[in-house]
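The structure appears below as structure tokens.
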Amino acid sequence: MTRKIWVFDTTLRDGEQVPGAKLNLYEKLEVARQLKKLQVDIIEAGFPASSIGDFNAVKEIATNVGNTDDIIITALARAVKADIDSVYNSVKYAEKPLIHMVLGTSDIHVEKKFGKSKNQILDIGVDAVKYAKTLLPDVQYSTEDASRSDFEYLWTTIEAVVKAGATIINVPDTVGYAVPEEFGELIFKLNDRLKNLNDQVLLSVHCHNDLGMATSNTLAAIKNGADKVECTINGIGERAGNAALEEVVMALNTRQAFYNVHTNINTKEIMNTSKLVSSLMGLDVQVNKAITGDNAFAHSSGIHQDGLLKSRDAYEIISPTEVGLSDMELVLTARSGRHAVKNALGKLGFNQLTDPQFEDIFAGFLELADVKKEVYNHDLYVIVENYYSKHDMNNQDIKYYSDNFYELMDLQVISNTIFPSASVKIKKGNQIYKSSTVGSGPIDALYSAIKEIIDLDIKLLEYKISSVSRGKEALGKVKLQVEYNGEKYIAKATDTDVIKASALAYINAVNSIVVENLIPV
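Position one of the sequence shown corresponds to residue 1251 (our numbering), numbered consecutively onward.
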């Protein structure tokens, strides 16, 4: 039997402390419902004493998300009666409510922040736990700045609050000061004493990422006996953020033989949760971030693509499907090798190419890749068709495929507060189509104009724009995800004109749909 690790998600409390990431009540409810789908054990829904809005949000989450006994709802309080009352009165509507309080234990916090003696702070903590226990049976006590605290005073505090009734002890690395070896040793010593004192009390950790070691410190704590981890989605949070839930969970899953533990997390909901949090909070995930970054499962290097096509475990330790993605992404760029391009052509039905034919087609691919950066399947069709036309070869299988693809000829977008509008000219085969529409904004108008021409029932799921260079000639990159007939398609485009990049990305998605369905549209 492996040991269970409890997962405490604090995205809606610590994560929301990121400047500009404030959510309204309905957005908080949506995130909380998704966290329940993810099957976290505990949701920290906010800091109810901070505002009426936060109090109401915690209460709504407790009522509507915590209405079953498979999830615990909590919120944060300082070790004062008014805060504890706010937590109790907001979380009491949940089937399984928990009061979470925090009080510093380091000399810096005790002497400089509170201006009190250690004995005074200890007494405050004990009294707070005793009071919370009169309200609810489950109380978590966080020893703020534990990693910079005197060990014996830290233990004296823990021993006292456990005897007062605390059921979970949380040990935070509040400022990300710890290193894995040191933090692991701290947790080992605390766990040894705590289990001798009361083996029913859970030992928890809360690690910040100021030195980039939040995930490593969390994993070191688990290896040394921690029962519970506090994390956020995408690692968001105060300053440099917290330990990323998805990184901790997938490390435990992938290296289960080493850690010998398990969680209840439904990993197939990881990407859905990541995208929801990123979208609602307006916090982009860095492209190379582990697990949830855009490039986490994308491969463009020819050497890597060749290895993956021979054996996936050559460069892939986690299947993308484990976290809710469809499959690995082999991105065709100028760095892609022959094996990757030949594989992509084979999937499109071009399996009978001779070596000389393929080399000519590969040269055409490299020429286009240098200009376009990323090459899509519809581009490969055009490259192959151009090759056959150039050599006067009659191949009915591919002769007219390019006539089904769309090409942006021109566009005009007008943005104003009354009637944002867009006009587009698009080519399909030998036909030229024009359309003009209005929308709720410039991008909505642009996409409505394109949809009027292509006449496909496409639903836009995600639209993201970012800068990939600096200066007045900076390139804007647009990435979007659309849905058609229940299938999802991702497309990207880059241009100095972000409106044009938006149009090109949408048309790339449309052409991907055309290729996938292999029928004239």
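In this text, a Cβ means the ideal position worked out from N, Cα and C, and glycines have one as well.
Query, Result
"I believe Ile-1763 touches Ile-1700 by the beta-carbon criterion, under 8 Å. Please report the beta-carbon distance rounded to the nearest angstrom.", "Not really, about 13 Å apart at Cβ, beyond 8 Å."
"Hey, how far is the Cα of Asp-1400 from the Cα of Ala-1619?", "59 Å"
"Note down, in chain order, each residue of its chain lying with its Cβ closer than 8 Å to the Cβ of Val-1511, except the 5 sequence neighbours on either side.", "Thr-1252, Arg-1253, Lys-1254, Ile-1255, Ile-1472, Leu-1502"
"Please go through the same chain and pick out, in chain order, the residues whose beta-carbon is closer than 8 Å to the beta-carbon of Ile-1358, but skip the five residues on each side of it.", "Asp-1395, Arg-1398"
"When the Cα of Ile-1708 is compared with those of Lys-1738, Gln-1681, Gly-1726, which residue comes out closest?", "Lys-1738"
"Run through the stretch 1313-1341 for me and flag every whole beta strand (DSSP E) of 3 or more residues, listed as ranges in chain order.", "1322-1328"
"Below 8 Å CB to CB, which residues in the same chain sit around Ser-1576 once its five sequence neighbours on both sides are set aside?", "Pro-1570, Lys-1738"
"Compare the beta carbon distance of Gly-1375 and Ala-1325 with 9 Å and say whether it is the shorter of the two.", "no"
"May I have a chain-ordered list of the alpha helix (DSSP H) segments no shorter than 4 residues that lie completely inside the stretch 1623-1701?", "1627-1640"
"Alpha helix (DSSP H) containing Glu-1712: first to last residue?", "Glu-1712 -> not in any alpha helix (DSSP H); beta strand (DSSP E) instead, spanning 1709-1717."
"How is the beta strand (DSSP E) around Asp-1745 delimited, first residue to last?", "1737-1745"
"Pop quiz: Thr-1355 and Thr-1407 are said to be a contact at Cβ under 8 Å. What is the actual Cβ separation, rounded to whole angstroms?", "5 Å"
"Between Lys-1623, Leu-1469, Ser-1528, Pro-1670, which lies nearest to Glu-1435 when the distance is taken from Cα to Cα?", "Leu-1469"
"Please go through the stretch 1270-1320 and give each complete beta strand (DSSP E) segment of 3 or more residues, from N-terminal end onward.", "1292-1294"
"Can you tell me where the beta strand (DSSP E) with Met-1351 in it begins and where it stops?", "1347-1354"
"If you run the structure through DSSP and keep just helix, strand and coil, what is Asp-1390?", "The sequence given here has Gln at residue 1390, not Asp. Gln-1390 falls in the strand class under three-state DSSP."
"Is DSSP giving Ser-1583 helix, strand or coil here?", "Reading off the sequence, residue 1583 comes out as Thr, not Ser. Residue state, collapsed to three classes: coil."
"State whether the stretch 1688-1706 contacts the stretch 1652-1664, with contact taken as three or more CB pairs (one from each stretch) at a distance under 8 Å.", "yes"
"Once the 5 residues before and after Ala-1312 are set aside, which same chain residues still bring their CB inside 8 Å of it?", "Ala-1295, Ile-1323, Ser-1340, Val-1341, Lys-1342, Tyr-1343, Ala-1344, Pro-1347"
"Using the rule of at least 16 other Cβ atoms within 10 Å of the residue's Cβ for burial, across every protein chain shown, is Tyr-1276 buried or exposed?", "exposed"
"To which residues of the same chain is Asp-1423 closer than 8 Å at the C-beta, ignoring the five residues directly before and after it?", "Ala-1396, Ser-1397, Phe-1433, Val-1455, His-1456, Cys-1457, His-1458, Ala-1464, Asn-1467"
"Jot down the residue ranges of each uninterrupted beta strand (DSSP E) in the stretch 1434-1502, minimum 3 residues, whole runs only, in chain order.", "1452-1457, 1478-1481"
"In the DSSP assignment, find the beta strand (DSSP E) that holds Asn-1545 and state where it starts and stops.", "No beta strand (DSSP E) contains Asn-1545, which DSSP labels as neither H nor E."
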